[in-house]
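Notes to accompany the following structure.
Numbering (the working numbering), first residue to last: 44 to 162.
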């Protein structure tokens with residue numbers, strides 16, 4: 044199995060588990076309804092995406108996108124499918140932008156660090 048598929052699958056599982064934990068701790072069916080979403084959960088997810096992006100190097104941006112979009116299956120699982128889910132998916136794409144940017148920058152830094160080690 045190609046490494047990229049394994050990475051994306053692993054990120055998806057990690058993201059779903061992270062957002063399930065946020066929902067359980069916040070006692071809410073949607074991660075962004077948790078009281079500490081904006082102050083704690085989302086920033087932690089962006090930092091986590093950056094750390095993973097650093098390790099992924101060339102594909103670092105994927106970490107931020109996948110970790111953020113992993114909120115969608117959690118939302119559908121806990122709140123059920125609805126027309127608001129379409130709005131939620133749109134919001135998640137907006138939220139994935141900054142996370143993907145951070146993880147892409149960290150991936151670029153990781154790439155430069157790994158190249159420097161081999162010189």
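Glycine is no exception: its CB is placed at the ideal position from the N, C-alpha and C atoms.
Whole-angstrom distance between residue j and residue i, CA atom to CA atom
{"i": "residue 146", "j": "residue 126", "result": "30 Å"}
{"i": "residue 137", "j": "residue 151", "result": "22 Å"}
{"i": "residue 48", "j": "residue 98", "result": "16 Å"}
{"i": "residue 70", "j": "residue 160", "result": "46 Å"}
{"i": "residue 81", "j": "residue 112", "result": "16 Å"}
{"i": "residue 95", "j": "residue 46", "result": "15 Å"}
{"i": "residue 87", "j": "residue 58", "result": "12 Å"}
{"i": "residue 100", "j": "residue 157", "result": "9 Å"}
{"i": "residue 130", "j": "residue 124", "result": "12 Å"}
{"i": "residue 128", "j": "residue 44", "result": "32 Å"}
{"i": "residue 56", "j": "residue 148", "result": "23 Å"}
{"i": "residue 135", "j": "residue 122", "result": "16 Å"}
{"i": "residue 73", "j": "residue 144", "result": "24 Å"}
Cβ-Cβ separation, residue j to residue i (assumed contact under 8 Å), whole Å
{"i": "residue 91", "j": "residue 110", "result": "6 Å"}
{"i": "residue 106", "j": "residue 54", "result": "6 Å"}
Nearest candidate by alpha-carbon position, reference residue i, set the options
{"i": "residue 66", "options": "159, 156, 119", "result": "119"}
{"i": "residue 93", "options": "133, 74, 153", "result": "153"}
{"i": "residue 61", "options": "142, 130, 114, 133", "result": "114"}
{"i": "residue 141", "options": "95, 157, 89", "result": "89"}
{"i": "residue 63", "options": "117, 123, 133", "result": "117"}
{"i": "residue 133", "options": "108, 84, 51, 100", "result": "108"}
{"i": "residue 50", "options": "72, 75, 102", "result": "102"}
DSSP state of residue i mapped onto helix, strand, coil
{"i": "residue 55", "result": "helix"}
{"i": "residue 50", "result": "helix"}
{"i": "residue 151", "result": "helix"}
{"i": "residue 44", "result": "coil"}
{"i": "residue 26", "result": "An answer regarding residue 26 cannot be provided, because it is not within the stretch 44 to 162 covered by the chain."}
**OP:** At 4 residues or longer, and completely inside the segment 75 to 140: list those alpha helix (DSSP H) runs for me, N to C.
**Re:** 85 to 99, 104 to 112, 114 to 122
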